[in-house]
Amino acid sequence: MALNTVNDKQVSIPRSEYPRPDWQRADWLNLNGTWSFSFDHENKGLQADWQKSKGQSLHSEITVPFSWSSPLSGIGSNDKGIAWYHKEIEWAPATANARVFLRFGAVDYKSDVWVNGISIGSHEGGYGSFEFDVTEVWSLEASNSVAVRVEDFDHNYQARGKQGYGEIRGIWQPVWLEARPQSYVRETKFHSKLDGTVEASTTVIAHSSGAAQLSFSFAEGAVTHQIEAELVEGSNTVNTAFVISDPKLWSPESPYLYEGEVSLTSDGQTDAIRTYFGVREIGTAIVGDRSYRWITLNGKPIYLNGTLDQSFHPTGYFTYPTDQEMQDEIYLMKRLGLNFVRIHIKPEEPRKLYWADKLGILVMEDMPCFWGDPDEKARSSYESEAREIIDRDYNHPSIFSWVMFNETWGLKTESEAASLTTDTTQPNNYLTQTQEWVRSMYRWAKQADPTRIVEDNSPCNYDHVESDINTWHFYINGYNELRSHVTDVVEKTYAGSTFNYIGGNTQSDAPLMNSECGNVWGIEGGAGDSDLAWHYRYMMNEFRRHDKMCGFVFTEFRDVINEFNGYYRLDGTDKHFGYEWFVPGMSVADLHSPDFIVIDAPPCQTLDAGSFVNIELLRSSFADRYHGQSLQLEWELWYDNLGIRVVLDSGSEAIEWNGYGVSPLASLYSQMPKQDAVAVLAVRLIAPEGATITRNFITFDVRSSKTNGHYDVDGKIVSVPVASFSESEWPYSWNALGEQKANGGESGYFTYDVQLPSVSEQPVIYDIELFFEASSKRLLKRNLGESVLQKLDISFMHGALADPEYNMNTYYMTDTQRHESKLDVLIDGELIESILLTDNPADSRGVLSWHYQAAANKLEEAGSYGYLCNVILPSTVTAKLNASRSFKLQLAAEQGGLALYGRNAGRYPIDIIVHIKG
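Just so you know, we're using this note's numbering here: the sequence shown kicks off at 1295 and counts up by one.
Here it is, written out as structure tokens:
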């Protein structure tokens, strides 16, 4: 926060930076900070002339620009209704004879504004920016009283969008004063082309008629252009164009911005505005002999690796506390290898769009929906907001697409007449006349902004009308189920197909991409808070298998209060996917490489020890960086033998990397280990200079026919199933994963009766060591009682709070928060060793816990796994066992609980192994 001096006191100013770096004047005053505030639930403020009371009738204080429902506002009340704001301000422009404007980033929903008790205007809409010229009522020499009355009743016709995680109420974006000359530039819209042509359409508000000079200067003066314009009093549109020689193109990889200034000189005054534009073109194209289009950036195909962003902050709600946090958001996306983000059912703050422009990430920006019937009032409200949003955000090069509606929200008519219709072209009460209105909104947006891709409705009900992209949503868990679904969609996507369209409309050759996917809702009762790493990897692999698909939107970027399937926790801390254990150096970003190796096989297969397998590979290329070059494909088949990494097979071959799209490679043929193992096939694609382009892997559950399992060790093996304990004592305990996992918490023990080989089988025992897989056990609320199966209705879309610990599918994914436990190993009551179990993890490393899930749509401690524990018994203990040939093994935890993983659970294909050397 910055510090300002007011009445000799230093006060902190939240969000002190200029709110619109895409259109910035030098002479301005930030009005964020403390305002007087009061609710007016009885609607008495107007009658009592609160607008003239200079805040004396308002008895609370609020911190602007935060929604009054958010913690950072200092109010923290979700009350809807009427509220008043007031602030006393002393300010005069730096230049005499300037005009003074009062500007609002956004206020939800209806705003009435007074300055010095005089009404200066009203505005309706929760997302658009607006301003008032207050010159005539502004005192340059005395304090000025600014009063704002806000109504937010959540009317069905309001274009509210996705708010429910924390409501947008009242002022929720910055407020500021700004000085301008008598004649000024209201806006300039830039339309750039790849040949360097930049068309500029400028709106000038002239105080009087006469000649003026409009100037453009960018890239530190390297790009300049001036024109003389003859203005009339009032609004003028001045169209011009200039050419940049050898233009630098904007892209996520190279987000070059032409930063500079637009200025207007008229009547001896100059209005200078800092602004920028990017040279880039968004389009679609047929590449080669295909019959379908791909999305293109700067004339080349681009694969869109994207995520759904709810843009929600736990303290500021939809207002970020600081500019740095908005910058960090883009950084966190890019470090994952993502190149685009879908802002969900609302427009983004201009400052965050600036960082998307500056740091380089493409943006799909949604229009906010209303939640009632699509009647005349709702349509009018929506159209007004859409005009403001597209007008405000037109110049951001990062924005490549406008999405007009989402999942038919607000488009269903719930009236009795609609419910009685028998017209099969109107499922879900999505009436024909509403479909035509959606078409008109799509066409209007295309006319208002012909430079971007426009989507009519991002559908989960297969109900497009007319669209530049053919997208669909799905939330399906399970490899076979997901593979079948994606294949079905791809096969039904072609020009003339009625699939994914409604009302007799048909597909064009528009690009196919997914615009929402994930495993949060593909599970009975919702996924709760569970591992997403396993599902995510095979989903990415399936997408890249299809030449026709050109992108996806993963739900979602961060966890939110009722959906816990983000790449990051809500506070931005990491989740650990565990891919590096399978392929050294691998991260989520490897799955987002434009050049990718598809392993056309399930994430895990069960195979017999020593069997042979043939694995199909595909190349997928959506960038030309390596076209025409020879790349190296390296592969390795390895397994873990009781803590020892064994490379069974490996190889390398040169691949001529030519052309866009998906094409087959030579398959890999190899033999599995001749023992029980989780085998891993890891592949790497290597650039000519030696850098790794992408990594990928699949796994195999290799099974021997031996009763006790077969492992590459000398001596004999006795395997003790983890659920075969003879005694246990815990406050809470249960077996899971088909009796392949034993859980106990918070403190207690499991005791096993271990029978060693007889003297005839093993005359002398010299050494005994134990191997087992164990983790701590974090008790969830559902473990302490009964799980709660919550009804999944529209309330979840409004952010209905769901405590994930009650969800029957929850098993927290590995993240930065640790849950430790101390494990004691006792033999016949004697403490042999104590082991620190550092966590209770669940991620892609829990191969067997995933592979042996009983049902795709129900999770049972999915992805959970432990640490390989190796305990060598002292010789004094071993000597005694030569005589007794049996012992009691006790595994005890004092605090933090204990989970033991059997042959078909965790990441090691073992029960409790007693390894005996003679």
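From the three backbone atoms N, C-alpha and C, an ideal C-beta is built for every residue, glycine too.
request  = In angstroms with no decimal places, state the Cα-to-Cα distance between R1913 and R1838.
outcome  = 9 Å
Collapsed DSSP secondary structure at L1864 in the structure displayed = coil
key: First through last residue of the alpha helix (DSSP H) which encompasses Y1773   = 1773-1785
task = Starting from E1836, follow the alpha helix (DSSP H) in both directions and report where the run begins and ends.
result = 1827-1838
task = Can you say whether W2028 is buried or exposed, counting buried as having 16 or more other CB atoms within 10 angstroms of its CB?
result = exposed
ask   = Near L1714, what residues of its chain come up, given a Cβ to Cβ distance below 8 Å and the 5 sequence neighbours on each side ignored?
value = With a pLDDT of only 49 at L1714, under the threshold of 50, the placement of this residue in the model should not be trusted, and no figure is reported.
ask   = Which partner residues of K1381 appear in the DSSP bridge assignment?
value = V1440
Short Cβ contact (8 Å threshold) for D2109 with D1868 = yes
request  = Starting from G2161, follow the alpha helix (DSSP H) in both directions and report where the run begins and ends.
outcome  = Reading off the sequence shown, one finds Tyr at residue 2161, where the question assumed Gly. That residue, Y2161, is in no alpha helix (DSSP H); its beta strand (DSSP E) goes 2161-2166.
query = Can you check whether the CB of A1523 is closer than 8 Å to the CB of N1856?
reply = no
task = Give the single residue among F1424, G1797, Y2202 whose Cα lies nearest to the Cα of A2068.
result = Y2202
Cβ shell of P1546 (< 7 Å), same chain only, five flanking positions each side left out = N1633, G1654, I1655, L1656
request  = Return the CA-CA distance between P1967 and E2055, expressed in angstroms with no decimal places.
outcome  = 27 Å
ask   = Between the beta-carbon of Q1969 and the beta-carbon of G2196, is there less than 8 Å?
value = no
request  = With DSSP as the reference, please indicate the residues paired to W1932 in a beta bridge.
outcome  = V1941, V1974
request  = Indicate whether at least one CB of chain C lies closer than 8 Å to the CB of V1409.
outcome  = Checking the listed chains, one finds no chain C in this structure; it contains a single protein chain.
key: Nonlocal neighbours in the same chain, by C-beta distance under 8 Å from K2075, ignoring five residues either side   = D2097, E2099, Y2100
query = Is F1398 near the ligand ZN, judged by its Cβ being under 7 Å from some heavy atom?
reply = The ligand ZN is not among the ligands present in this structure, which contains no ligands whatsoever.
inquiry  = Please classify P2057 as buried or exposed, where buried requires at least 16 neighbouring CB atoms within 10 angstroms.
reply    = exposed
First and last residue of the uninterrupted beta strand (DSSP E) at N1391 = First-last for N1391: undefined, no H or E at that position.
message = Assuming W1329 is part of the beta strand (DSSP E), what are its boundary residues?
response = 1327-1333
inquiry  = If you follow the beta strand (DSSP E) that Q2147 is in, where does it begin and where does it stop?
reply    = Note, Q2147: premise wrong, no beta strand (DSSP E); not H, not E.
task = For S1503, I'd like the list of residues in its chain whose CB is within less than 7 Å of its CB, leaving aside the five on either flank, ordered along the chain.
result = L1525, V1526, E1527
N-terminal and C-terminal residue of the alpha helix (DSSP H) that V1732 is part of = 1726-1742
key: Nearest residue (CA-CA) to G2213, options F1360, M1880, Y2105, L2120   = The displayed coordinates of the chain run from 1295 to 2212. Any statement about residue 2213 would go beyond what the structure contains.
ask   = Roughly how far, in whole angstroms, is the beta-carbon of F1512 from the beta-carbon of E1553, given that I think they are within contact range, below 8 Å?
value = 7 Å
query = How should N1533 be labelled, buried or exposed, when 16 other C-beta atoms within 10 angstroms of its C-beta is the threshold for buried?
reply = exposed
Cβ distance (whole Å) where N1438 is taken to contact V1409 below 8 Å = 6 Å
message = What does the alpha-carbon distance come out to for the pair S2158 and I2207?
response = 20 Å
task = Kindly indicate the opening and closing residues of the alpha helix (DSSP H) around K1483.
result = That residue, K1483, is in no alpha helix (DSSP H); its beta strand (DSSP E) goes 1478-1486.
ask   = In terms of alpha-carbon separation, which member of D1889, S1998, F2181, V1444 lies closest to N1952?
value = D1889
task = Helix, strand or coil for Y1552, going by three-state DSSP, please let me know.
result = strand
Candidates H1519, T2001, H1886, P2168, of which the one nearest N1990 by Cα = H1886
task = Closer than 6 Å by C-beta to V1847: which residues in its own chain qualify, once you throw out the five before and the five after it? Chain order, please.
result = G1600, L1602, R1636, S1809, E1810
message = Measuring alpha carbon to alpha carbon, tell me which residue in S1486, E1425, Y1830 is nearest L1630.
response = Y1830
key: A2177 versus D2047 - alpha carbon distance   = 16 Å
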